[in-house]
Amino acid sequence: MSTPDANAREITFSEAINEALAEELRRDERVFIIGEDVAEAGTPFKVLSGLVQEFGPERVIDTPISEAGITGLGVGAAMTGMRPVVDIMFGDFVTLVMDQMVNQAAKVHYMSGGKLHVPIVMRTTMGATRRSAAQHSQSLHALLSHIPGLKVVVPSTPYDAKGLLKTAIRDDNPVAFFEDKMMYRLKGPVPVGEYTIPFGAADIKRSGADITIVATSSMVQVALGAAKLLEEIGISAEVIDPRTTKPLDKQTLIDSAKKTSRAIVVDEGYESYGVTAEIAAIIADGAFYYLDAPVKRMGAMDVPIPFSPALEDLTVPTEQDVVEMAKTLCGVV
Amino acid sequence: MSTPDANAREITFSEAINEALAEELRRDERVFIIGEDVAEAGTPFKVLSGLVQEFGPERVIDTPISEAGITGLGVGAAMTGMRPVVDIMFGDFVTLVMDQMVNQAAKVHYMSGGKLHVPIVMRTTMGATRRSAAQHSQSLHALLSHIPGLKVVVPSTPYDAKGLLKTAIRDDNPVAFFEDKMMYRLKGPVPVGEYTIPFGAADIKRSGADITIVATSSMVQVALGAAKLLEEIGISAEVIDPRTTKPLDKQTLIDSAKKTSRAIVVDEGYESYGVTAEIAAIIADGAFYYLDAPVKRMGAMDVPIPFSPALEDLTVPTEQDVVEMAKTLCGVV
Amino acid sequence: MSSMEKDKQKEIIDIELYLHMYQQMAKIRLFELEVNELYLSAKMPGLAHLYIGQEAVAVGVCEALTREDYITSTHRGHGHCLAKGAEVDRMFAELLGKEAGYCRGKGGSMHIADPESGNLGANAIVGGSAGIATGAGFAAKRLGNERVAVCFFGEGALGQGLLYEVMNLAQLWRLPVIYVCENNLYNEYTHYTETTAGELSARPQAFGMHTEIVDGQDVRAVYEATKRLVERARRGEGPAFLLCETYRYRGHHVGDIDRSYYRSKEEELDWETHRDPLKNLADWMLAQGLCDQRTLDQIQSDVEAEVKAGVEFALNTPYPDASEVDQHVYA
Amino acid sequence: MSSMEKDKQKEIIDIELYLHMYQQMAKIRLFELEVNELYLSAKMPGLAHLYIGQEAVAVGVCEALTREDYITSTHRGHGHCLAKGAEVDRMFAELLGKEAGYCRGKGGSMHIADPESGNLGANAIVGGSAGIATGAGFAAKRLGNERVAVCFFGEGALGQGLLYEVMNLAQLWRLPVIYVCENNLYNEYTHYTETTAGELSARPQAFGMHTEIVDGQDVRAVYEATKRLVERARRGEGPAFLLCETYRYRGHHVGDIDRSYYRSKEEELDWETHRDPLKNLADWMLAQGLCDQRTLDQIQSDVEAEVKAGVEFALNTPYPDASEVDQHVYA
Ligand SMILES: Cc1ncc(C[n+]2csc(CCOP(=O)(O)OP(=O)(O)O)c2C)c(N)n1
Ligand SMILES: Cc1ncc(C[n+]2csc(CCOP(=O)(O)OP(=O)(O)O)c2C)c(N)n1
Ligand SMILES: [Mg+2]
Ligand SMILES: [Mg+2]
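Protein chains in written order, with the numbering used here: chain A, 1 to 333; chain B, 1 to 333; chain C, 1 to 331; chain D, 1 to 331.
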């Protein structure tokens, strides 16, 4: 279980992102940030506060409301010596940059026979329950995870967010980096010193013996909360965070399921044809002869996300939902 | 196994699509076709030949090269009394209409509390091995299958294509209709008379006892070919075609797997986070206590589709691949 | 009827029109102030983008439309919805996520739709409804129902490629669509001149589209301009682009309190004191002797009562039942 | 050096330039004819979009660029790639899907990229490379390497919203990007006037972008115009739009044989006989006494030999090994 040294200070998820960007902007002249209201405003989430003051408007660039245009510009700049970090305010807007990410960024290296590279990072958000309704609450990371040539990162803690973002910026491939906007204020230990976290290395957030809970992004917190409650009733849950859906650390997931013989996959994207499907299918196949129960999936409800608080909260998996599912799988009633 | 009466004539997949459109254009004044080179040219695949001659340029409309614009126009026209059939030439271009399909068409009915409807059909293509390279060969139906509010159709025969397209046009929801361009010349029996095929009803293309092969679109032909070869070595394969990935007829798939105790899922989309993941996960869960072997997935290789014939053919599942997989699952060597 | 009588009658009609526009603007202003209160008192879920300062655009445009004509709106859409005929009480109910809201609480502030008044819906994707409005105009032309479609959007939406794709289609096919661009000077926290190369009005003109620029704080001017463009459209003369110069008094959204880093208090004050659409119309009507102060005070108190009643209703009406969560995904 | 000597020298330089442009155009013409042969003889996988008739645009533009300058190309890209410096043999190899091709056979006709000659790649998404070219110009400006980026596209690409988004960015930030629009009159099988509202040249002008229109069949005119625009860009004066009036002699792609339903034989013949870029340059050079027929014949036979050798090489060089299929997915 990778974590910072004991004496690391506590900072928020938002601060961790900000630090990662600041350090990379300092380290590498070629890195720049481009997006809507990223400079003086520091984004509506204030995640980039202070960066334009240190690095100037030439490296922290406000743009028109042109998601496709700035992403396309980023792809071209990445192909010609720069390392752009494109800010797409809400994850829902990735629908606008799909051609640039899917048909351009993801394919240039392969189509050119390996001669061209596209070291671009697209930072965007995900996560519901913010009362922002159907077009500002989606978690669409599955759409990009489906595309060969792209890497997809879904950090769940300030520590992971910082280390993974630095890795993303140094990676020579296009990377989609999803930040759950509901976690920006989440605090966690982050070492003062420099570190990076490799892609494709799942992290065991909590080890356990009876059941494996694979969770991504904000659902990791939900899983950890559920694990605590389960412990009280004598069920030892192992919580695993893939950290990157692409590349995906299949072996760690499979090994854990083999050990516990039961697995639940929790992700905030729509359940159907989403991340839970891929991971559940991999575990059900890889741990087939070890499973005592079917692998269960818990994604966001397959509905456009409703505005009303009375409805929205029903669409996202909760600690209690996970606990109930775990109890059923473990035959506890 | 739904099929036409014995005395039905044989027509091509392309002719079946053309007939469905012509019949619906005749039946309903509100139906119109809009897309690039759909009129005189009848599309580059010639699928719409003759329609503009019968229905005129007011109902078979050539457009600028503006996929997002014409899809958006279609969404608005659908909301205000028309029934547009938007033609997106290559499935690879759905990347350009994602916002209109995902954030607009799919959500309008729900966001309006059920007051507005979007009866739009987006017809597009899929399928590789046409030597068209990475941006003209993808099968991206998984991207739309992930989105609540959309329905997704992947016909595998002329008979299904015609019946399902007529259903799509009459449906009050947005429908994405994927036609494998390599099947346009495929012939099959289609009755002369009027018929429609309901969504969410899988079709057992071939019944068998030893193994279930779930296949979509062009992969159904591959699965049937494999089933023939398997029969020769004494393996009886059941081939099931979901016909629509959304809604998905889970029960039929699960029941078949329960019966045969083995299952393979074959689809031409990228394997990771694709259609095979959803279907495999559903079967592995629903038939858990009946399976003698893990559910296996066979999708397109997770690579941008290469141009070179020497490479492209390696990226799509073949009859032989399916046969080998089936033999392994059945323990035959 | 003598021409003198005609003039007299026209004047009466005009007075009624002006007073009605004043009432509509006052209603929107008060509605939005109440929305802000609901936010500050933590009674409203999420955020809202207030229309305060831009009232003359929504009202001037919608007064020139019939109830059957279509509009599409934006994230800053309360004013458009009310001007097109939505009721205050059901608007508040939607903002609070209640079942009595226009969208049964499922849409919220950024997605209010009311087909009965021709409102095809607000949209939280900047420029996202440009295709919808163009399609509505397309349908109107095909069905021959004489309707026109108005697409409201902010100047920031001209950053979206979709706008150019559909303006080309609308002009090519002479669709009855009016693109109403509200230039309130800011894309969120960035001045539009930092995001706009060339003149905004040159964008539609590039497609040969009829384009007019109007003072968005003068409701009569907006009304007259729209009337002309609507008549053109109904006559089959095609689409038009109406660029309205306006200003939002408050923050980008209710939470945008400290704005000093992107605009000055002076600028805000200048617009509020010299270019307020309500004040300007009131002063003009009084100066022209078209009405007296009492009439205006009456309107004010009527509207206050309506808004007060509306918010009361909304606060006390129930949330949708949990069973609604997966209803209306499919028709 | 006396001004007379200067003139003499300049003339020599010009003659060399003209002859070189003639050779480049002849090479492209022959290359494409050979591509058509490969298709007809079923030796080439898939289809190809021939550049025949438009040679003066690619050659005139690329002659005004350095090898370090960038270009992005289209589905009709063979001419651009060759004009920017690609070799015939490796071009053919790519079209046949061979390992010796510029993209190891993985790209094919619509995706030839050759970073060594500044070619960032052809693109099969209409307008798809507009962002890439704009980004290359952005990088050039940031890195201060004096390079300019040329974005080639057909008039049909102006249907894509992306073009407007990036033209706004390029003009806003004064990026060294030249948008070269080849108006060959057709979007596939539809005449551009059926898809274009207003004037093509008004589109970039809407962003305040410097715009020029040139006879795309006159290679000297294209060269001179591009030279001016490149100098502007290098001086930091920003982007430009060059609209080239041209024509494709053959089908939209090699399989588009019967074209009678969308254009007349007369139209095709008229361009081929009166506005052929090779013929026009040759006639002019001869009339000016800048060269004799023998020189031109020599060029022709040199090019024929080069193309013949190139196709031979491509036909006999091996396909990539199967193990390559999943290489280069990630760097
Ligand atoms: C496609 C898209 N990009 C970004 C946003 C975030 N956003 C919401 S409002 C806004 C500014 C819009 O400015 P303008 O169009 O001028 O409208 P105004 O807010 O001034 O009324 C932005 C960037 C969005 N909602 N949609
Ligand atoms: C986004 C997109 N839409 C449609 C197509 C199919 N298509 C290929 S070429 C073409 C016509 C392009 O016309 P133009 O840009 O004028 O280039 P030209 O073929 O005349 O050189 C079309 C519609 C495509 N490749 N990409
Ligand atoms: Mg604005
Ligand atoms: Mg053209």
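Where is the CB? At the ideal position from N, CA and C, for every residue including glycine.
Collapsed DSSP secondary structure at residue i in the structure displayed
i	result
residue 84 of chain D	helix
residue 347 of chain A	Residue 347 of chain A lies beyond the range of chain A shown here (1 to 333); nothing can be said about it.
residue 167 of chain C	helix
residue 31 of chain C	helix
residue 45 of chain A	coil
residue 66 of chain C	coil
residue 142 of chain C	helix
residue 192 of chain B	coil
residue 179 of chain D	strand
residue 9 of chain B	strand
residue 305 of chain A	coil
residue 33 of chain B	strand
residue 88 of chain B	strand
residue 134 of chain A	coil
residue 184 of chain C	coil
residue 359 of chain B	Outside the displayed range of chain B (1 to 333) lies residue 359 of chain B, so it cannot be described from this structure.
residue 173 of chain A	coil
residue 335 of chain B	The structure shown does not extend to residue 335 of chain B, since chain B is modelled only from 1 through 333, so no value can be given for it.
Residue(s) in a DSSP beta bridge with residue i
i	result
residue 210 of chain C	C/240
residue 263 of chain B	B/212
residue 151 of chain D	D/72 and D/179
residue 178 of chain B	B/124
residue 151 of chain B	B/175
Chain C within 8 Å of residue i, Cβ atoms only
i	result
residue 250 of chain B	no
residue 208 of chain D	yes
residue 202 of chain D	yes
residue 382 of chain A	Look at the range of chain A in this structure, 1 to 333, and you will see that residue 382 of chain A is not part of it.
CB contact check: residue i to chain D, cutoff 8 Å
i	result
residue 109 of chain A	yes
residue 318 of chain B	no
residue 53 of chain B	no
residue 300 of chain B	no
residue 133 of chain B	yes
residue 63 of chain B	yes
Where the alpha helix (DSSP H) through residue i begins and ends
i	result
residue 22 of chain B	13 to 27
residue 288 of chain B	Run containing residue 288 of chain B: none; DSSP gives neither H nor E here.
residue 71 of chain B	67 to 79
residue 125 of chain C	Careful: residue 125 of chain C lies outside any alpha helix (DSSP H) and carries neither H nor E.
Residue range of the beta strand (DSSP E) that includes residue i
i	result
residue 240 of chain A	237 to 241
residue 206 of chain A	203 to 206
residue 300 of chain B	296 to 300
is_contact[residue i, chain A] using C-beta, thresh 8 Å
i	result
residue 151 of chain B	no
residue 75 of chain D	no
residue 143 of chain D	yes
Minimum Cβ-Cβ distance from residue i to chain B less than 8 Å
i	result
residue 97 of chain D	yes
residue 20 of chain D	no
residue 331 of chain C	yes
* **Beta carbon shell of ligand 3 at less than 6 Å from a heavy atom** => Taking a cut-off of 6 Å from the heavy atoms of ligand 3, the residues with a C-beta inside it are C/154, C/155, C/156, C/184, C/186 and C/187.
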